[in-house]
Each structure stands twice: as structure tokens, then as C-alpha cells.
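Heads up, the thing below is written out as C-alpha cells.
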Amino acid sequence: MAENPVTDYPNADAIPAALVGPSSSLDGLRILVTGLGVTGFPAAVHLGERGADVIVVDGDEHADVSEKIQILEVFDVDIRRGEQHVTTLPEEALDLVVTSPGWRPDHPLLLAAAEAGVPVIGEVELAWRIRGTNDATWLAITGTNGKTTTTTMLESMLVANGMKAKACGNIGAPLLEAVLEPGLEVLAIELSSFQLHWQYSLSADAAAVLNIAPDHLDWHGSADAYEAAKAKIYQQAKTACIYNVADEVTLHMVEEADVVDGAKAIGFTTGIPRPGELGVVEDILVDRAFIPQRYSSAAELASLDDVAAATGVPGRAPADHQVANALAAAALARSIGVPGQAISEGLKNHSLGAHRMVTVAENNGITWVDDSKATNTHAANASLGSFDSIVWIAGGLPKGADFTSLFADHGHRLRALVLIGSDDSAFRDAIAATAPDLDVIRIEPALAVDSGVPRRRGEAVVAAAVEAAAGIATSGDTVLLAPAAASMDQFLNYNTRGELFTQAVHAHLGS
1 MAENPVTDYP NADAIPAALV GPSSSLDGLR ILVTGLGVTG FPAAVHLGER
51 GADVIVVDGD EHADVSEKIQ ILEVFDVDIR RGEQHVTTLP EEALDLVVTS
101 PGWRPDHPLL LAAAEAGVPV IGEVELAWRI RGTNDATWLA ITGTNGKTTT
151 TTMLESMLVA NGMKAKACGN IGAPLLEAVL EPGLEVLAIE LSSFQLHWQY
201 SLSADAAAVL NIAPDHLDWH GSADAYEAAK AKIYQQAKTA CIYNVADEVT
251 LHMVEEADVV DGAKAIGFTT GIPRPGELGV VEDILVDRAF IPQRYSSAAE
301 LASLDDVAAA TGVPGRAPAD HQVANALAAA ALARSIGVPG QAISEGLKNH
351 SLGAHRMVTV AENNGITWVD DSKATNTHAA NASLGSFDSI VWIAGGLPKG
401 ADFTSLFADH GHRLRALVLI GSDDSAFRDA IAATAPDLDV IRIEPALAVD
451 SGVPRRRGEA VVAAAVEAAA GIATSGDTVL LAPAAASMDQ FLNYNTRGEL
501 FTQAVHAHLG S
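The letter at position 429 of the sequence shown is residue 429 when you use UniProt numbering, and the numbering goes up by one with no holes.
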């Protein structure tokens with residue numbers, strides 16, 4: 001059953017019609033924007049530029065946002081910083097709230113907005129409505145893991161085909177800025193469950209869900225709510241809904257989606273594909289979905305060597321999850337007619353993003369790998385499955401996760417666990433249940449002091465973890481930073497965690 005945006009999303013019918021189009025006047029509308037971050041700031045600028053009476057609230061009154069404030073003041077934006085401004089609605093009557101992905105649905109201010117009859121939307125809904133006459137193709141990607149890699153692979157394929165394309169959304173350029181950028185032909189859009197939760201009317205040209213595993217349960221409240229948010233990417237898809245053959249949840253999402261007539265369900269598999277799927281035959285990525293003779297033949301797209309080059313392991317067999325990412329990107333590209341040659345060239349030209357299975361050093365037979373982007377169990381599972389003998393550095397904010405399966409599936413690979421993070425109880429419970437004999441070195445949480453320099457926070461934690469791992473690892477081992485948890489308890493973000501790890505490894509090795 002398709003969702004009804006009026007009944008399933010309180011006050012959606014009250015979203016101001018004037019939002020549509022990038023230049024129509026918003027005079028007379030009072031709009032509240034939550035946060036001054038990568039979502040809130042461009043939203044406030046755009047809305048203020050169009051004449052809306054914009055109020056921005058941000059609970060952090062200490063961050064240096066002076067440059068942003070100077071720009072917002074040009075448009076007479078009312079900026080209110082401090083916790084007292086984010087606990088409930090302002091006294092002024094509001095026409096709309098534009099919220100940032102970091103704000104949970106149960107935030108008191110957002111609940112108060114719903115109670116007062118004020119519609120709440122996010123960046124995706126805002127961008128979709130203001131795109132106006134911008135006819136750029138929207139290719140949307142979500143999933144628990146692999147979103148960023150798939151999005152950048154897709155962008156590279158599109159560029160190789162001579163298209164003016166941009167990776168945006170939860171990666172690279174904010175979606176709002178990309179929509180307003182003239183000349184773009186295709187948007188490769190990474191969307192998180194947070195972003196999808198707050199959108200109601202998106203109708204992507206093609207959409208893909210890469211995989212689904214429990215994540216962000218603290219934000220969504222339940223696994224069902226998390227999956228429901230992800231599934232929204234398929235609603236009203238125009239051309240193709242791309243799903244993972246190995247993940248039945250993604251197929252079920254497609255089956256339940258209310259799509260535009262003619263939209264196709266297209267699977268991808270790392271095995272031999274059936275008609276209607278993309279897959280692998282004798283080390284070649286092939287298409288049996290977007291060709292007329294799909295029941296009797298397949299179109300060659302690229303090779304596993306191309307995927308290896310795209311994922312930073314030339315000359316080696318690429319990991320299965322990276323092959324799956326490449327196939328999903330290829331399916332989206334094929335949905336708009338990109339030829340196989342461009343898909344192959346796009347993979348060859350692709351560079352893997354930072355902190356995603358990056359080998360930062362090799363010394364005395366020991367390999368040091370930064371996969372700080374592995375912020376949940378699903379991503380860590382893929383990381384652990386890529387190596388044979390591992391000294392694992394893990395821990396952080398667990399987000400309600402259960403780590404038991406990681407130790408059950410990969411305990412035989414683990415030489416030791418170096419445990420970071422402020423709360424290790426979930427890891428300890430999993431170890432006790434499945435790997436009680438595993439050597440565990442606990443890094444003292446008190447080391448995570450705030451140095452006053454945000455990007456150095458957690459430096460002592462990582463340095464101690466690297467020294468501990470170095471004392472255990474021997475030739476043939478991989479020291480793997482794949483935390484399986486979020487970073488914000490001890491670090492600014494996962495990027496900082498990865499950067500500090502790389503620096504600590506180089507300092508230890510004297511390089």
C-alpha cells in the first residue's frame with residue numbers, strides 16, 4: 001500500500017506551495033531552519049535569498065560560525081544560538097520547519113511543530129520542490145553500507161560518458177546546492193535514512209538500495225522504522241528500482257513500492273545473473289536487464305580487474321562487496337543508457353574515498369588498514385572478511401548494535417581485539433558469548449580528553465591503540481581499524497578517527 005503523504009506525514013498538505021521553483025518569492029512566509037551545518041546553512045541562505053523570514057536555531061553556541069553568520073545577516077536571517085532555543089518552537093507563528101538530518105524525529109522542537117500543525121521537511125524534500133525547471137536526472141542511492149563508494153563509482157561512469165554529473169547529497173556537495181547549479185545533467189545522489197525520513201514527494205529517475213542491516217536504531221527507534229525510511233527512495237521511481245539479489249529485504253521494498261508505470265525491478269548479484277539482473281560471468285560484469293535479448297544473451301560492461309583498480313587493489317581480486325557496489329552503480333548508469341565502455345572507463349578512473357579500506361602502511365610483513373568508515377556491524381563484517389589474520393581495533397558508539405555475529409563469524413581470523421570507545425559493554429557481552437578466549441586489550445577511555453582542538457580529540461586513544469596493536473602483530477598480520485561503531489564519543493567524526501590512526505601508524509613506524 002502506497003503511503004499517503006497527507007495522513008502518514010502530519011501536516012504535509014500544509015507545505016507552502018510557493019516553495020516550488022528556485023526563484024518564486026517567499027515573501028510573507030516565516031520558516032524555521034534547524035542547525036547551521038552542511039544542511040541548515042545552505043537552506044537558510046536560499047530561503048532568505050527568496051524573501052522568506054528565516055529563523056535559524058542551533059544548540060551549539062561555541063562553534064566558530066562567524067563567516068556563516070556574516071552571510072546570513074545579508075538576508076536578515078534571525079540567528080538564535082544556545083540550548084534554550086532548541087527545546088521548543090519560537091513564539092512567532094511558523095509556516096514551515098526545515099530540519100537537519102542530525103535532528104531525531106522525537107526531538108521536542110519537531111514534536112512541538114507537528115502538534116502545532118507546522119509541516120516539517122528535510123533537505124531532500126526542499127531540493128525536490130525547488131528544482132523547478134531544472135531537468136537534471138536524479139539517480140538515488142541508499143543502503144546500510146557502500147553508499148559513498150557506489151555514488152562515486154556512478155559519478156565516474158557518468159563523467160566517462162561525457163555527461164555533466166555530480167555526486168551530492170550525503171556526500172560531496174549538498175543536494176540543495178547541486179540542484180541550483182546550472183548545467184548539470186545528472187545527479188548521483190547518496191541518501192541516508194535520516195534524509196529519507198523527512199522527504200515525502202521525491203520521484204527519482206532510478207533508485208537503488210544496496211543492502212539493509214540494523215543501524216541507527218537510536219535515531220529511528222526500531223529496525224522497522226529504519227527500513228521504512230530506506231524504502232522511501234523507491235516511491236514513485238520513474239525508470240528502475242535497483243535491488244540486491246542477495247538481500248531479500250531490498251526486493252521486498254521494491255515489491256511494496258508505488259512506482260511510476262513502466263518502472264522496472266532490476267537486480268544485481270555477484271553470481272551469474274538471470275534475465276532482469278546484472279552480475280558476473282567468468283570475471284566479467286554483464287548486463288541481462290537493459291538489453292533487448294536479455295533472455296538469450298548478456299552485454300559485457302567491465303571486468304573484475306576494473307573493479308580492483310576502482311577499489312585500490314590493482315592486480316588482486318576485489319572484495320565481493322566492492323563488486324556488488326560496482327554492479328549497483330552500473331545498473332543505475334545503464335538505466336539511463338550509459339554504454340559498457342563508459343562503465344569500464346569510469347571504474348578505471350575511480351579513486352576509493354578516504355578511510356574506506358585504505359592500506360596506510362606495510363612494514364615487516366604487517367599491513368595497516370584504515371577502514372574508519374566501517375561505523376556499523378554490516379560494514380565491519382565486510383572488512384573482517386577481507387583478511388586472514390587480524391589484530392582488530394574496534395569500538396565506539398554502538399547505536400544499539402549486537403556484535404555477537406562478528407565474533408561468531410570471524411573469531412578464527414582474530415589474533416586480538418584492541419578495544420576503544422567510551423562504552424565497551426556490548427562488545428564485552430558478544431565476546432563472552434562467542435569468543436571468551438580472545439585476547440582483548442582495553443584502551444582507557446579517559447585518554448579521550450578534549451584537547452581544545454576538535455580535530456585532535458581522541459589522538460591519545462588512537463596512539464595507544466596503535467602501540468598496543470604493534471605489540472601483538474607479527475609478519476602476515478593485518479592491523480585493521482574497522483570500529484563497527486560510530487565515532488562521536490571520542491572523536492569529532494569518522495574522518496578524524498581515520499586521520500589520527502594514519503598519523504599514529506606513521507609516527508610508530510618513524511615514517
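C-beta: ideal position from N, C-alpha, C; glycine also.
Can you give me the C-alpha to C-alpha distance between residue i and residue j, rounded to a whole angstrom?
i: Arg-497; j: Ile-291; result: 44 Å
i: Val-6; j: Asp-13; result: Because the pLDDT at Val-6 is just 33, under 50, the model does not fix this residue reliably, and the value given afterwards should be weighed accordingly. About 5 Å.
i: Ala-44; j: Trp-103; result: 16 Å
i: Ala-331; j: Val-254; result: 15 Å
i: Val-286; j: Gly-337; result: 14 Å
i: His-85; j: Gly-40; result: 15 Å
i: Met-1; j: Gly-117; result: Confidence in Met-1 is poor, its pLDDT being 32 and thus under 50, which makes the residue's placement unreliable; the coordinate value appears in the next sentence. C-alpha separation (whole angstroms): 25 Å.
i: Ser-296; j: Val-281; result: 14 Å
i: Ala-299; j: Arg-131; result: 35 Å
i: Gly-48; j: Thr-99; result: 15 Å
i: Ser-222; j: Leu-438; result: 31 Å
i: Ala-17; j: Thr-34; result: 21 Å
i: Gly-146; j: Ile-431; result: 27 Å
i: Asp-391; j: Ile-443; result: Looking at the sequence itself, residue 391 is Val, so the reference to Asp does not match. Using only the alpha carbons, I get a separation of about 14 Å.
i: Ala-382; j: Gln-235; result: 29 Å
i: Asp-138; j: Ala-433; result: Residue identity differs from the one stated: residue 138 is Trp in this sequence, not Asp. Rounded to whole angstroms, Trp-138 to Ala-433 spans 46 Å at the Cα level.
i: Glu-91; j: Leu-109; result: 12 Å
i: Val-74; j: Arg-80; result: 16 Å
Here's a check: name, in chain order, each residue in its chain whose Cβ is nearer than 7 Å to the Cβ of residue i, leaving out the five neighbours to either side.
i: Asp-283; result: Ser-303, Leu-304
i: Leu-509; result: Ala-361, Asn-363
i: Thr-144; result: Asn-211, Ile-212, Ala-213, Asp-215, Asn-376, His-378
i: Thr-404; result: Ala-430, Ala-433, Thr-434
Do residue j and residue i come within 8 Å of each other at the CB atom, strictly closer than that value?
i: Leu-184; j: Ala-165; result: yes
i: Phe-268; j: Ala-328; result: yes
i: Asn-244; j: Ala-319; result: no
i: Asn-170; j: Glu-155; result: no
i: Ala-485; j: Gly-421; result: yes
i: Val-97; j: Leu-32; result: yes
i: Thr-151; j: Ile-212; result: no
i: Ala-342; j: Asn-161; result: yes
i: Pro-483; j: Thr-375; result: yes
i: Val-505; j: Ile-393; result: no
i: Val-260; j: Lys-238; result: yes
i: Ile-272; j: Cys-241; result: no
Quick one: what does DSSP say residue i is sitting in, helix, strand or coil?
i: Leu-509; result: helix
i: Asn-4; result: Any reading at Asn-4 needs caution, since the residue's pLDDT is 39, under 50, leaving its predicted position unreliable; the model's value is listed next. Coil.
i: Gly-183; result: coil
i: Thr-149; result: helix
i: Asn-363; result: strand
i: Trp-103; result: coil
i: Ser-297; result: coil
i: Phe-407; result: helix
i: Trp-128; result: helix
i: Leu-285; result: strand
i: Pro-10; result: coil
i: Gly-279; result: strand
i: Pro-16; result: coil
i: Pro-255; result: Strictly speaking, residue 255 in this sequence is Glu, with Pro absent from that position. Three-state result, Glu-255: helix.
i: Ser-389; result: coil
i: Ile-212; result: coil
i: Asp-305; result: helix
i: Asn-325; result: helix
i: Gly-346; result: helix
i: Phe-501; result: helix
i: Glu-459; result: helix
i: Lys-164; result: coil
i: Glu-467; result: helix
i: Asp-224; result: helix
i: Leu-352; result: coil
i: Pro-292; result: coil
Go through its chain and collect everything with a Cβ distance to residue i's Cβ below 8 Å, but skip five positions before and after it.
i: residue 534; result: Given that the chain is displayed from residue 1 to residue 511, the structure contains no residue 534 and the question cannot be resolved.
i: Val-20; result: Arg-129, Ile-130, Gly-132
i: Asp-106; result: Gly-221
i: Ala-468; result: Val-418, Ile-441, Ile-443
i: Asp-489; result: Gly-396, Leu-397, Gly-421, Ser-422, Asp-423, Ala-448
Got a sec? Which residues, its chain only, sit under 6 Å from residue i by beta carbon, not counting five neighbours each side?
i: Ala-435; result: Phe-407, Gly-411
i: Lys-348; result: Asp-306, Ala-309
i: Glu-3; result: In this prediction, Glu-3 has a pLDDT of 43, which is less than 50 and means its spatial position is unreliable; nothing more can be read from the coordinates.
i: Thr-149; result: Asn-325
i: Leu-352; result: Thr-311, Gly-312
From the DSSP output, which residues share a beta bridge with residue i?
i: Arg-30; result: Asp-53
i: Tyr-243; result: Gly-267
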